[in-house]
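In the UniProt record's numbering, the protein residues as written are 1 to 584. Structure first, then comments.
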C-alpha cells in the first residue's frame with residue numbers, strides 16, 4: 001500500500017479511532033475506579049478511626065472506673081493511713097485482676113513513697129514520674145503520656161487516681177498499661193490489614209504504632225498534617241506526602257474525647273490504588289489487541305472500498321488523456337456505484353458538450369463569415385455606388401445610386417443586429433422587471449419545504465407588496481441559500497427570514513441554525529473556484545452564480561455567523577436588492 005493512498009488512509013483512520021476509543025474509555029474507567037477507591041477509603045477509614053477512638057474512650061473509661069472505685073474504697077483509705085501492707089496487696093492485686101490489660105498496679109502515699117506494687121521492684125519512691133506529680137498537681141484522675149517503666153521493663157502509660165480522706169489527698173492508686181496490650185485489644189475488635197493504626201498522646205508522641213521503634217523512641221508526629229489536626233480536636237480524611245516513610249498516604253483521623261489523644265489510620269496510596277495497576281495492564285492489552293484487530297479489519301475494509309475508487313481513478317486518467325470512450329464499471333448501489341454512474345453520465349455530457357462546442361465553433365465561423373465576407377461585400381457595393389454617384393450627372397440616376405448605397409448600409413446594420421441578438425441569447429442577459437419579494441420567497445419556500453425530507457421550521461412574516469428590480473434568475477439566489485440551509489443541517493433546522501428597507505434597497509436576512517460555515521470558507525465562498533478546489537459540497541458554484549446574478553441586478557450578497565464569533569451556531573446570508581421605483 002502507498003503511504004498516501006486511500007486504502008492506507010482508511011486503515012489509519014480506523015486504527016486511530018479504535019485506539020482513541022480504547023484510551024478514552026480506559027481513562028474513564030481508571031478515573032472512576034480511582035474516585036471509587038478514594039471514596040471507599042475515605043468512608044471506611046474514617047469510620048474505623050471513630051470506632052477505635054470510641055473503643056479507647058470506653059477502654060480508658062473502664063480502667064478509670066476500676067481505679068477510682070479502688071481509690072475510693074474505705075479499705076484502701078484505711079490501709080494507706082495505717083500502712084497495712086497485706087490489705088494494700090489485696091486491693092492492688094484485686095484491681096490488677098479486674099483491670100483489662102493492666103501490667104501492674106502501684107499504691108503510693110501523698111509524698112511519693114511506694115507503699116505497694118504488684119511486681120518486684122527496687123524503686124522506693126515515684127517522685128521522678130510525671131504521672132505522680134501531675135496527679136498530685138491536678139488532684140484528679142490523670143492519664144499520662146508514654147514513658148519507660150523500670151518496673152514493667154517496657155514503655156507504658158499510666159492511669160492514676162488520687163485517694164482522698166476528709167478532702168485531703170493521702171495517696172495515689174496507679175495502673176500501668178503497655179501500649180502493645182492495648183493495641184492487641186484494639187486489633188481484636190477490628191483488624192485493618194492494609195493500614196497503620198497510630199494512637200498519639202496529647203503531646204503528639206506515639207502510644208500505638210505497628211512499628212515499635214516509634215514507641216521506644218517516643219517519636220513525636222505532631223508536625224505531620226493529620227496528627228497536627230487531630231490534636232486540635234478535628235476529624236477528617238487528608239492526603240499528605242511529608243510522611244515519615246516518604247510515601248504519599250491517605251490518613252483518617254479522629255480525636256479521643258476527654259483524654260486529649262488522637263487516632264490516625266494511615267494507608268499508603270500505593271496500597272489503595274493497587275487495583276489500578278491491574279486495570280492499566282488490562283487496558284494496555286486491550287489496546288494492543290484492538291490495534292491489531294482494527295489494522296486487519298481496516299486493511300480488509302479499505303481494500304473493498306478502494307478497489308472501485310482505483311478503477312475509477314484509472315478511468316479518469318484515460319479521460320484526462322483525451323479518451324472519452326472509456327466507461328467506469330458500475331460498482332453497485334452504494335456511493336461509489338453512484339459515483340461511477342455520475343462519472344459515466346459526466347463523460348456522456350462531455351461528449352455532448354464537445355459536439356455542442358463543435359456546433360458553436362461552426363456557428364462562430366458562420367458569424368465570422370457573415371461579418372467578414374457579407375459585410376465586406378456590402379461595403380464594396382456601397383463604395384462602388386458612391387464612386388458612380390460622384391461621376392453621374394443625371395439627377396435621377398444619382399438618386400438611385402444613393403438609394404442603393406443606403407440599402408446596402410441598412411442591410412449591413414441588420415446583419416450586425418442579428419449577430420448581436422444571437423450573441424445576447426447565448427450570453428443569457430437578464431431581463432430586469434418589477435417583482436414582489438414575498439411572491440419569490442413563498443414560491444421558493446413551497447418548493448424547498450415540499451422536498452426537504454426533514455423537520456424544517458420557517459419564521460417569516462409574509463409581508464406582500466415589497467417590490468424590487470429583479471429577474472427570473474432571482475429565484476435561483478433564494479433557492480441556493482434556502483436549499484443549503486436545509487441540506488447542510490441536522491435532522492431539524494429553523495430558518496429565519498426578515499426584510500427591512502435601507503434607503504433604495506430591500507435588505508433580506510436569511511438565517512439558520514445549521515452546521516455553519518467556517519471563516520476560511522466564507523472568504524472564498526462567492527468566488528469561482530478552480531477545478532481542483534471544488535470541495536465545499538457544491539456550495540462554491542451556487543454561491544458564485546448567486547453573486548453574479550446579484551451583481552447584474554446591482555445588488556449585493558454577503559454571509560456572516562448567525563451568532564457573532566460562533567460559526568457553529570448557524571449562518572446568516574444578507575441580500576441587498578434594489579427597490580423598484582415607479583419612475584423606473
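For each residue, glycine too, the CB sits at the ideal point set by N, CA and C. Please read these numbers as outputs of a predicted model, since none were measured by experiment.
- Where residue 214 is concerned, the enclosing alpha helix (DSSP H) starts and stops at 212–216.
- In the DSSP annotation of this structure, residue 162 is not part of any alpha helix (DSSP H); the continuous beta strand (DSSP E) holding it starts and ends at 154–165.
- In the three-state DSSP reduction, residue 224 falls in the coil class, being neither helix nor strand.
- Burial check for residue 462: the Cβ neighbour count within 10 Å stays below 16, so the residue is exposed.
- Here residue 219 carries a coil assignment [DSSP, helix/strand/coil].
- By the 16-neighbour rule on beta-carbons within 10 angstroms, residue 470 is buried.
- Annotation: residue 22 to residue 492 spans about 32 Å, alpha carbon to alpha carbon.
- When beta bridges are read from the DSSP output, residue 174 appears opposite 106 and 160.
- The three-state secondary structure of residue 38, taken from DSSP, is helix.
- With 16 or more other Cβ atoms inside 10 Å of its own Cβ, residue 294 counts as buried.
- Annotation: the continuous beta strand (DSSP E) that includes residue 455 extends over 455–460.
- DSSP, read as helix, strand or coil, puts residue 500 in strand.
- Nearest to residue 129 by C-alpha distance, out of 176, 342 and 100, is 176.
- Contact check for residue 20 and residue 298: beta-carbon distance about 14 Å, past the 8 Å limit, so the pair fails to qualify.
- In this structure, the CA atom of residue 240 is about 14 Å from the CA atom of residue 272.
- Judged by DSSP in its simplified three-state form, residue 257 adopts coil rather than helix or strand.
- Rounded to whole angstroms, the gap between the alpha carbons of residue 266 and residue 258 is 23 Å.
- With 16 or more other CB atoms across the displayed protein chains lying within 10 angstroms of its CB, residue 209 is buried.
- In the three-state scheme derived from DSSP, where H, G and I count as helix and E and B as strand, residue 524 is classed as coil.
- In this structure residue 448 is in contact with residue 482, their Cβ atoms being roughly 5 Å apart against a cut-off of 8 Å.
- Residues 312, 315, 316 and 328 of the same chain have their beta carbon placed closer than 8 Å to that of residue 343, with the five preceding and five following residues left out of the count.
- A distance below 8 Å separates the beta carbons of residue 567 and residue 519.
- Residue 53 carries a helical assignment under DSSP once its states are collapsed to helix, strand and coil.
- If you ignore the 5 residues before and after residue 561, its C-beta comes within less than 6 Å of the C-beta of 567, all in its own chain and listed in chain order.
- Pairing residue 100 with residue 63, the inter-Cα distance amounts to about 7 Å.
- Every alpha helix (DSSP H) stretch that sits fully inside the region 57–126 and reaches 4 residues is listed by chain position as 74–82 and 85–98.
- Contact between residue 162 and residue 71 holds: CB atoms are separated by about 7 Å, below the 8 Å threshold.
- Taking a contact as a CB-CB distance under 8 Å, the pair residue 45 and residue 195 counts as one, their CB atoms being some 6 Å apart.
- In the structure shown, the three-state DSSP call for residue 207 is strand.
- When C-beta atoms of the region 70–90 are compared with those of the region 275–286, fewer than three pairs fall below 8 Å, so the two segments do not count as touching.
- Of the candidates 112, 213, 237 and 578, 237 places its Cα closest to the Cα of residue 50.
- Beta-bridge partners assigned by DSSP to residue 237: 252.
- Approximately 32 Å separates the beta-carbon atoms of residue 252 and residue 68; this is outside 8 Å, ruling out the contact.
- For residue 560, the enclosing beta strand (DSSP E) has its first and last residue at 556–563.
- Around the beta carbon of residue 124, fewer than 16 other beta carbons sit within 10 angstroms, so the residue counts as exposed.
- For residue 477, the enclosing alpha helix (DSSP H) covers residues 474–487.
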